[in-house]
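Visitor: Below you will find the structure I want to go over with you.
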Amino acid sequence: MLEINEWFFAQLANFLLLLIALNIILFKPLLRLFKERDAGINGALNTAKSMDQEKDSIIARIDSKLAEGRGKAKAVFEDLSREGMEAQKQALDSARNGAAELNKKAKSELETAVEKARTTLKSDVENFSGQIVEKLVKA
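Here it is in structure tokens:
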């Protein structure tokens, strides 16, 4: 069994001194390093979380600006489309009016030419009929 003698106390004192020395030299510095590492990791995690939140807010701002820009672009596109349709309508109306005016002018010129031709033909017919009557009377 275990005998308690002077060597037991010497071994106990040696163990306690070694425990105190190791605590001062090894355990406390290691525990301090572990705490510093945990603090560094936690700080990095907190920084990463804050950066992630900042990233999310920036993405949200960018998305809202993109949506706003798309809305403005759509409005501008619709305005330009409407203006283009109006310009096209005006051009078509102008072309129709021009064509109608040209048609009216051509009809007027044609009617004038027809009337002139009728009067010319009428006078020619009168001359020819007079000549025919003269030839018939002479014959």
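Per the working numbering, the very first residue in the sequence shown carries number 1; after that it's consecutive. Note that CB positions come from ideal geometry on N, CA and C, so glycine has one too.
1. I need the boundaries of the alpha helix (DSSP H) containing glutamate 126, first residue and last residue.
2. Quick one: grab the DSSP three-state call for leucine 19.
3. Can you find a heavy atom of the ligand PLP that lies under 7 Å from the Cβ of leucine 92?
4. DSSP three-state call for glutamate 6: helix, strand or coil?
Guide: By the coordinates alone:
1. 28-138
2. In the structure shown, leucine 19 sits in a helix (DSSP, three-state: H, G or I).
3. Ligands in the displayed structure: none, and consequently the ligand PLP is not present.
4. helix
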